[in-house]
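For the protein sequence lines, the chains are A and B, in the order given. Residue 1 is where the first sequence starts when you use our numbering, and the numbers rise one by one after that. Residue 216 is where the second sequence starts when you use our numbering, and the numbers rise one by one after that. What follows is a set of notes on a single structure, which appears directly below.
2 protein chains.
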Amino acid sequence: MEAEQKTGRRYKGVSNEQRRAERRQKLIEAAMVVYGAVGYHGASVRAICAEAGLTERYFYESFENGEALLAAAFGAVMERLTSEVMAALAPLSTLDMGLVVRVALATYYSQLRENPNEARVFLVEILGVSPRMDAIYWDAIRQVSLSVLRFSPDAAERAEALGLDLDLFADGLIGAVVQIALGWVRAGYATPIETVVETAMAILGAVNRQFLSPP
Amino acid sequence: MEAEQKTGRRYKGVSNEQRRAERRQKLIEAAMVVYGAVGYHGASVRAICAEAGLTERYFYESFENGEALLAAAFGAVMERLTSEVMAALAPLSTLDMGLVVRVALATYYSQLRENPNEARVFLVEILGVSPRMDAIYWDAIRQVSLSVLRFSPDAAERAEALGLDLDLFADGLIGAVVQIALGWVRAGYATPIETVVETAMAILGAVNRQFLSPP
DNA sequence: TGTATCTGACAACAAGTGATGTCAATATCG
DNA sequence: CGATATTGACATCACTTGTTGTCAGATACA
């Protein structure tokens, strides 16, 4: 029934797969722009295709529907953010926890400021869209949770001893960082980034000193 | 041109104004149900009217459009939450800050559990809808900020001395509490409420001890 | 009782949506 | 060159949406 042609003809010097990949990437980038302008819910497939300079046919070539594109866009932002943070953290010794967290926060907030459209996708547009998107969002939260908690191997025991829920505890810390980002974005990035980082550090540092440092 | 009749005819024993008010209330309650089921973006005016047992005409009698209803619903939830918290706090002496915060959190989380639909409206559906709704959301955040910071009159000076942004600091604390609520709701309220409160208290308490208690 | 008001069910409309299909022009390659 | 794959502009379809309008019947009031 369906002709499964593994590799198509070359066109303007580029292969079939690469052309597809480039169109897909163009659509994701266009989606960021449109989402940033009118939000996900105000973004139609037509508008995104127009922004990308492509037609609807190529949209459905790469994405099953509009929601799939949102998922891909979120994934792209998440991937870029984590890789930027990892890159910034790479040259550091992991002994100084305070510095690690500070650099991670600085990188995170800096990236959000440099890419306001992506920030909107990452912080706002993703929630409450559908159960599937919620799941993607919470997977990302859990991933960050695990990355953070990896620095404190005995956190689970400590939490249990104190009568806390470790997952919710991590959610709370992430929520603090995210809400600070939201407030910062909303205010048009008015606050200097050093102050933003310092403010987040104040909360995380207090928690750290309370629960992680030796008495 | 327009006949400005201040008060209409009575009907089934109730006045014109009261009938209007009851219909409006019914629409708000129906909106909670529909929002809870399919989200704000999946909720059509028709569906809400059907749930309320009213026709579209009465919708536009009370609300200019669907977004105005969302705003009214959010306002109703916000009002109820604050009044519940105030009522729980009323019999307390305000001297024991820890207890005040604990009771406030317990009331807040308890209310969210008892009204899952309202929780969804309050926590998820409101953000990223439109600039107007964003403004309403942030007004609510600021209102909570001010209520909290009222307990610490010298917070502004302390924050400045430490190089922090007080607004963002408050955003962070609220974000922690809210994200814990989100995680709790998402997990189907599985965690006992005492544990949830304790987990939030762990964060707020650590911050409090670090920045508010005498050294 | 008769008239004005109120109610509810539903029609109607234009606009926009996701998704699929058509088709001529263009580029590739045997 | 000639056949075929690829592209892009546009048509098309069924459907939903917000919003306004119509109208017969129920209720109130003089």
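Note that the Cβ used here is the ideal one computed from N, Cα and C, for glycine as well.
### Query
Which residues in the same chain as Phe151 of chain A place their Cβ atom closer than 8 Å to its Cβ, once the five residues preceding and following it in sequence are excluded?
Taking the first sequence and counting its residues from 1, the one referred to as residue 151 of chain A is at position 151. Excluding sequence neighbours, Phe151 of chain A sits near Thr94, Met97 and Val100.
#### Entry: Option nearest Phe274 of chain B by Cα separation, candidates B:Asp354, B:Leu242 and B:Met247
By 1-based counting over the second sequence, the position of residue 274 of chain B is 59. Comparing Cα positions, the closest option is B:Leu242.
### Query
Where Ala156 of chain A and Lys12 of chain A are concerned, what is the direct C-alpha to C-alpha distance, given to the nearest angstrom?
By one-based count along the first sequence, residue 156 of chain A stands at place 156. By one-based count along the first sequence, residue 12 of chain A stands at place 12. Their Cα atoms are separated by approximately 57 Å.
### Task
State the CB to CB distance for the pair Glu67 of chain A and Val129 of chain A, rounded to an integer number of angstroms; the pair is presumed to be in contact (CB under 8 Å).
The count along the first sequence starts at 1 and reaches residue 67 of chain A at position 67. The count along the first sequence starts at 1 and reaches residue 129 of chain A at position 129. Right, their Cβ atoms sit about 7 Å apart.
### Query
DSSP beta-bridge partners for Tyr226 of chain B?
The residue given as residue 226 of chain B occupies position 11 in the second sequence. Looking at the DSSP assignment, Tyr226 of chain B forms a beta bridge with B:Val229.
### Message
Within 9 Å of any Cβ in chain A, is that where the Cβ of Tyr255 of chain B sits?
### Response
Within the second sequence, residue 255 of chain B is the residue found at index 40, counting from 1. Chain A contact via Cβ: present.
### Query
Which residues, in order along the segment 117-144 of chain A, keep a beta-carbon less than 9 Å from a beta-carbon of chain B?
Arg120, Leu123, Val124, Glu125, Ile126, Leu127, Gly128, Val129, Ser130, Asp134, Trp138 and Ile141
### Task
Report the neighbours of Asp369 of chain B on chain A: residues whose CB is nearer than 7 Å to its CB, in chain order.
For the purposes of this step, residue 369 of chain B is taken as residue 154 along the second sequence, with counting starting at 1. In chain order: nothing, as chain A lies at least about 16 Å away.
### Task
Have a look at B:Ala245, B:Ala319 and B:Ile263 and flag the residue whose alpha-carbon is nearest the alpha-carbon of Glu299 of chain B.
Walking along the second sequence from the start, residue 299 of chain B turns up at place 84. Of B:Ala245, B:Ala319 and B:Ile263, the residue nearest in Cα terms is B:Ala319.
### Query
How would you call Thr222 of chain B, buried or exposed, if buried means at least 16 neighbouring beta carbons within 10 angstroms?
One-based indexing of the second sequence puts residue 222 of chain B at position 7. Classification for Thr222 of chain B: exposed.
### Query
What does Phe211 of chain A reach in chain B if we use C-beta pairs closer than 8 Å?
Counted from its first residue, the first sequence places residue 211 of chain A at position 211. Ordered by position in chain B, the residues that pass the 8 Å Cβ test against Phe211 of chain A are Ala417 and Ala421.
### Task
For the alpha helix (DSSP H) holding Tyr404 of chain B, just list the boundary residues, first then last.
The sequence position of residue 404 of chain B within the second sequence is 189, counting from 1. No alpha helix (DSSP H) holds Tyr404 of chain B; DSSP gives it neither H nor E.
### Contacts of Leu81 of chain A in chain B (Cβ-Cβ under 7 Å)
Start at 1 with the first residue of the first sequence, and residue 81 of chain A comes out as number 81. By Cβ distance, chain B contributes nothing, its closest Cβ being about 18 Å from Leu81 of chain A, past 7 Å.
### Query
Interface residues of chain A around Glu413 of chain B at Cβ under 9 Å?
As a working note, residue 413 of chain B is residue 198 in the second sequence. The contacting residues are Leu162, Gly163, Leu164 and Asp165.
### Task
Check the Cβ of Phe384 of chain B against every Cβ in chain A and list those closer than 7 Å, keeping chain order.
Here residue 384 of chain B refers to the residue found at position 169 when the second sequence is read from its first residue. Those within 7 Å of Phe384 of chain B in chain A are Thr199 and Ala202.
### Own chain residues within Cβ distance below 6 Å of Tyr404 of chain B, not counting five before or after
Reading the second sequence from its first residue, position 189 is the one you call residue 404 of chain B. So the qualifying residues of the chain are Arg328.
### Task
Could you tell me the boundaries of the alpha helix (DSSP H) in which Val121 of chain A lies?
Counting from 1 along the first sequence, the entry for residue 121 of chain A is found at position 121. Segment: none, Val121 of chain A is in no alpha helix (DSSP H) and carries neither H nor E.
### Task
Taking only beta-carbon positions, decide if Arg186 of chain A is within less than 9 Å of chain B.
Translated into positions along the first sequence, residue 186 of chain A becomes position 186. Yes, its Cβ sits closer than 9 Å to a Cβ of chain B.
### Query
What do you get for Asn208 of chain A, buried or exposed, if any count of 16 or more other CB atoms within 10 angstroms of its CB means buried?
In the first sequence, counting from the first residue as 1, residue 208 of chain A sits at position 208. Per the 10 Å Cβ criterion, buried.
### Message
Would Val185 of chain A and Pro116 of chain A be called neighbours here (beta carbons separated by less than 9 Å)?
### Response
Against the first sequence, residue 185 of chain A aligns to sequence position 185. Against the first sequence, residue 116 of chain A aligns to sequence position 116. Against a cut-off of 9 Å, the Cβ pair of Pro116 of chain A and Val185 of chain A comes out as a contact.
### Query
Of all Cβ atoms in chain B, is any one closer than 9 Å to the Cβ of Ile48 of chain A?
As a first step, residue 48 of chain A is located in the first sequence; it is residue number 48 there, counting from the start. Not one chain B Cβ lies under 9 Å of Ile48 of chain A.
### Query
Which of helix, strand or coil does DSSP assign to Glu279 of chain B?
The residue labelled residue 279 of chain B in the question sits at position 64 within the second sequence. In this structure, Glu279 of chain B counts as coil in the three-state DSSP scheme.
#### Entry: the segment 386-402 of chain B in contact with the segment 279-298 of chain B per 3-pair CB rule at 8 Å
no
### Task
Take the Cβ of Ser186 of chain B as the centre, count every other Cβ of all protein chains shown within 10 Å, and call the residue buried at 16 or more, exposed below.
Residue 186 of chain B cannot be examined here, being either before or after the span of chain B that is shown, 216 to 430.
### Query
With C-beta atoms as the reference, is Val34 of chain A less than 9 Å away from Phe74 of chain A?
Translated into positions along the first sequence, residue 34 of chain A becomes position 34. Translated into positions along the first sequence, residue 74 of chain A becomes position 74. Not a contact, by the Cβ cut-off of 9 Å.
### Query
Would DSSP call Gln5 of chain A helix, strand or coil?
On the first sequence, position 5 is the one that residue 5 of chain A refers to. Note that Gln5 of chain A scores 43 on pLDDT, short of 50, meaning its location in the model is unreliable; the coordinates nonetheless yield the value given after this. Gln5 of chain A falls in the coil class under three-state DSSP.
### Query
At a CB-CB cut-off below 7 Å, which residues of chain A make contact with Gly398 of chain B?
Translated into the one-based positions of the second sequence, residue 398 of chain B becomes position 183. The contacting residues are Asp167, Leu168 and Asp171.
### Assigned secondary structure, Val85 of chain A (DSSP; H/G/I helix, E/B strand, else coil)
Walking along the first sequence from the start, residue 85 of chain A turns up at place 85. Reduced to three states, the DSSP call for Val85 of chain A is helix.
### Task
Decide if Ala159 of chain A is buried, meaning its Cβ has at least 16 other Cβ atoms within 10 Å, or exposed.
Counting from 1 along the first sequence, the entry for residue 159 of chain A is found at position 159. Answer is buried; the Cβ neighbour count reaches 16.
### Query
Would DSSP call Tyr40 of chain A helix, strand or coil?
By one-based count along the first sequence, residue 40 of chain A stands at place 40. Looking at Tyr40 of chain A - three-state DSSP - the assignment turns out to be coil, as it is neither helix nor strand.
### Query
For the alpha helix (DSSP H) that contains Ser325 of chain B, what are its first and last residues?
Within the second sequence, the letter at position 110 stands for residue 325 of chain B. Residues Met312 to Glu329.
### Task
Using the Cα positions of Val45 of chain A and Ala355 of chain B, report the straight-line distance between them to the nearest angstrom.
Working through the first sequence from its first residue, we reach residue 45 of chain A at position 45. Working through the second sequence from its first residue, we reach residue 355 of chain B at position 140. About 33 Å.
#### Entry: Chain-order list of residues whose beta-carbon lies under 7 Å from that of Thr406 of chain B (same chain, five-residue window excluded)
Along the second sequence, one-based indexing puts residue 406 of chain B at 191. Cβ within range, chain order: Trp399.
### Query
Which whole-angstrom value describes the C-beta separation of Val196 of chain A and Leu383 of chain B, a residue pair presumed to lie in contact below a C-beta threshold of 8 Å?
Your numbering for residue 196 of chain A matches position 196 in the first sequence. Your numbering for residue 383 of chain B matches position 168 in the second sequence. Contact flag correct, Cβ pair sits at about 6 Å.
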